[in-house]
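Residue numbers (my numbering), protein chains in the order written: chain X, 1 to 138; chain G, 1001 to 1138; chain F, 2001 to 2138. What follows is a set of notes on a single structure, which appears directly below.
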Amino acid sequence: MKVYTRYLKIKSVKKIEIINISQTVKEAVKESGIKEGFCLVNSMHVTSSVFINDEEEGLKQDFINWLEELVPYDFDRWLHNKTGEDNAHAHLKRTIMGREVVVAVTSGKLDLGPWEEIFYGEFDGQREKRVLIKIIGE
Amino acid sequence: MKVYTRYLKIKSVKKIEIINISQTVKEAVKESGIKEGFCLVNSMHVTSSVFINDEEEGLKQDFINWLEELVPYDFDRWLHNKTGEDNAHAHLKRTIMGREVVVAVTSGKLDLGPWEEIFYGEFDGQREKRVLIKIIGE
Amino acid sequence: MKVYTRYLKIKSVKKIEIINISQTVKEAVKESGIKEGFCLVNSMHVTSSVFINDEEEGLKQDFINWLEELVPYDFDRWLHNKTGEDNAHAHLKRTIMGREVVVAVTSGKLDLGPWEEIFYGEFDGQREKRVLIKIIGE
Chain X
1 MKVYTRYLKI
11 KSVKKIEIIN
21 ISQTVKEAVK
31 ESGIKEGFCL
41 VNSMHVTSSV
51 FINDEEEGLK
61 QDFINWLEEL
71 VPYDFDRWLH
81 NKTGEDNAHA
91 HLKRTIMGRE
101 VVVAVTSGKL
111 DLGPWEEIFY
121 GEFDGQREKR
131 VLIKIIGE
Chain G
1001 MKVYTRYLKI
1011 KSVKKIEIIN
1021 ISQTVKEAVK
1031 ESGIKEGFCL
1041 VNSMHVTSSV
1051 FINDEEEGLK
1061 QDFINWLEEL
1071 VPYDFDRWLH
1081 NKTGEDNAHA
1091 HLKRTIMGRE
1101 VVVAVTSGKL
1111 DLGPWEEIFY
1121 GEFDGQREKR
1131 VLIKIIGE
Chain F
2001 MKVYTRYLKI
2011 KSVKKIEIIN
2021 ISQTVKEAVK
2031 ESGIKEGFCL
2041 VNSMHVTSSV
2051 FINDEEEGLK
2061 QDFINWLEEL
2071 VPYDFDRWLH
2081 NKTGEDNAHA
2091 HLKRTIMGRE
2101 VVVAVTSGKL
2111 DLGPWEEIFY
2121 GEFDGQREKR
2131 VLIKIIGE
């Protein structure tokens, strides 16, 4: 079995931002030399996500607007914000979008469908966060 | 390490439909000859899901009704629909339901609980889509 | 390849409860002797979740309150409850929170970020349920 581990550092420009990381994950797969296996990509933080969807600006804004309706920032609404934080909403938003993806590696490449792109979804940004890429296989 | 890869083709009858694919995944595990490992089942499209829940008609309709409330079709509401698409809602619905499942394989079988069934959730159907089954183990 | 499988039994005190299982999963990793690989932790039931977030009492209550808004218990609202069940809401709540997590194992430990804790989320409790921990690697 071969194993590859890489930590990405990401610092978003905005508080809430959706960043395409597909290219970096593809490079990691190439660098790993793994031909067949599974690639795990996960946020190492509890206020951000890794998810797969379509690369289209309108859609990314739809996600952000819709998440704000489902889970408003609304400081006074959330008990967690009594601890000195103001990011309760970000914990809940990330839960909707998911922490991680597992992508198949086939013939040395990410086995993605035609529209699948891998995104980092930041909901409490403007500070350095980490994403883990781990690949196991042969 | 043993590896098994299979692509399912699915064309739903309705635009929105929940289809039980447990039997096909079970057959794939058997065919793979893998006794211990992980089985990844994922949609290769960004407007459909793979998820695990209960096989019960009322519940499947509850999911469909509830998703329509959380993320209405509402053409004019979504920026993504300005690109010529009308499926913004399907991208968001699939996000709630999830892209993939990872199921343990133990003693040559999917290690599922008593009520766990694997479903393909289609939110923009009536055309051919693909699901990936990939199993790694020994 | 090394493989480790363990079934946890969990019986919640309340109908809806969020229980930190990080310590048990860490012990499983140690017991497995696996240094590099993937650790799958999943609920074996369709009305409960395994997810990763922050260990903070206010936040756990925020999750419970918010899920009740998104998916009220409301017996008469859900078709699934016509089967003699009253837990339709629990099937939908668990879908929001997720069935499983896949966590990297690096240098013999769960490769978690500083605030990541693993939780079992019960939405139809007060009876014995099972969680599966499966680790593959070397």
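Using N, Cα and C, we set each Cβ at its ideal position, and we do this for glycine too. Because the structure is a prediction, the values reported are computed rather than measured.
| query | result |
| --- | --- |
| Evaluate the contact criterion for the segment 1003-1018 of chain G versus the segment 2112-2125 of chain F: three or more CB pairs, one atom per stretch, below 8 Å. | no |
| Could you work out which residue in X:Gly113, X:Glu31 and X:Val41 is closest to glutamate 1128 (chain G) when comparing CA atoms only? | X:Gly113 |
| When the cut-off is 9 Å and only beta carbons count, does isoleucine 1135 (chain G) lie next to chain F? | no |
| Within 9 Å of any Cβ in chain G, is that where the Cβ of leucine 2112 (chain F) sits? | no |
| Classify serine 2107 (chain F): buried if its beta carbon has 16 or more other beta carbons within 10 angstroms, exposed otherwise. | exposed |
| On the DSSP bridge assignment, give the partners of serine 1049 (chain G) in chain order. | G:Gly1121 |
| So alanine 88 (chain X) contacts chain F; which residues on that side make the cut at Cβ distance below 7 Å? | Leu2059 and Asp2062 |
| Please list, in chain order, the chain F residues whose beta carbon lies closer than 7 Å to that of glycine 1037 (chain G). | Ile2136 |
| Would you kindly report the start and end of the unbroken alpha helix (DSSP H) that includes serine 1022 (chain G)? | 1022-1032 |
| Can you check DSSP and say which residues form a bridge with lysine 2009 (chain F)? | F:Arg2130 |
| Please name the residues in the segment 2041-2055 of chain F whose beta-carbon is closer than 8 Å to at least one beta-carbon of chain X, in chain order. | Phe2051, Ile2052, Asn2053 and Asp2054 |
| Strictly below 9 Å CB to CB, what residues from chain G border valine 29 (chain X)? | Under the 9 Å cutoff, chain G gives no residues; its nearest Cβ is about 14 Å from valine 29 (chain X). |
| Can you give me the start and stop residues for the beta strand (DSSP E) that threonine 2106 (chain F) sits inside? | 2100-2106 |
| Roughly how many angstroms separate the alpha carbons of lysine 1035 (chain G) and glycine 1137 (chain G), rounded to a whole number? | 7 Å |
| Below 8 Å between beta carbons is the criterion; list the residues of the segment 63-77 of chain X that meet it against any residue of chain F, in chain order. | Leu70 and Val71 |
| Kindly indicate which three-state DSSP category isoleucine 2096 (chain F) falls into: helix, strand or coil? | helix |
| For a cutoff of 9 Å on Cβ pairs, would you count valine 2105 (chain F) as touching chain G? | no |
| Could one say the Cβ of glycine 1098 (chain G) lies closer than 9 Å to chain F's Cβ atoms, at least one of them? | yes |
| Measuring only the C-alpha atoms, how far is histidine 2045 (chain F) from glutamate 1116 (chain G)? | 7 Å |
| Please state the DSSP three-state secondary structure of leucine 2112 (chain F). | coil |
| According to DSSP, what are the bridge partners of lysine 2082 (chain F)? | None; lysine 2082 (chain F) has no bridge partner. |
| In angstroms, rounded to a whole number, what distance separates the CA positions of isoleucine 64 (chain X) and methionine 97 (chain X)? | 11 Å |
| Roughly how far, in whole angstroms, is the beta-carbon of leucine 1040 (chain G) from the beta-carbon of lysine 1134 (chain G), given that I think they are within contact range, below 8 Å? | 5 Å |
| By DSSP's criteria, phenylalanine 1038 (chain G) is part of a beta bridge. Which residues make up the other side? | G:Ala1104 and G:Ile1136 |
| Residues of chain X with CB closer than 8 Å to the CB of valine 2101 (chain F), please, in chain order. | Arg99 and Glu100 |
| What does glutamate 2017 (chain F) touch in chain X if you count any residue whose Cβ is under 7 Å from its own? | Within chain X, no residue comes near glutamate 2017 (chain F); the closest Cβ sits about 16 Å away, beyond 7 Å. |
| Starting from threonine 1024 (chain G), find everything on chain X with Cβ-Cβ shorter than 8 Å and list it in chain order. | Here the premise fails: no neighbours, minimum Cβ distance about 17 Å. |
| By the three-class DSSP mapping on this structure, what secondary structure does lysine 1014 (chain G) have? | coil |
| Per DSSP, what are the beta-bridge partners of isoleucine 2019 (chain F) in this structure? | F:Tyr2120 |
| What is the rounded straight-line gap between the Cα of proline 72 (chain X) and the Cα of histidine 91 (chain X)? | 11 Å |
| By Cβ distance below 6 Å, which residues in the same chain neighbour alanine 28 (chain X) in space, the five residues on each side in sequence not counted? | Arg6 and Ile133 |
| Check whether chain X comes within 9 Å of glutamate 2116 (chain F), counting only Cβ atoms and requiring the distance to be less than that. | yes |
| Return the residue from the list F:Gln2126, F:Lys2060 and F:Asp2076 that minimises the CA-CA distance to glycine 1058 (chain G). | F:Asp2076 |
| Between leucine 92 (chain X) and chain F, is the shortest Cβ-Cβ distance under 9 Å, so that the two count as touching? | yes |
| Roughly how many angstroms lie between the CA atoms of histidine 1089 (chain G) and glutamate 1069 (chain G), to the nearest whole one? | 11 Å |
| What number of angstroms, rounded off, separates the C-alpha of lysine 93 (chain X) from the C-alpha of valine 1003 (chain G)? | 35 Å |
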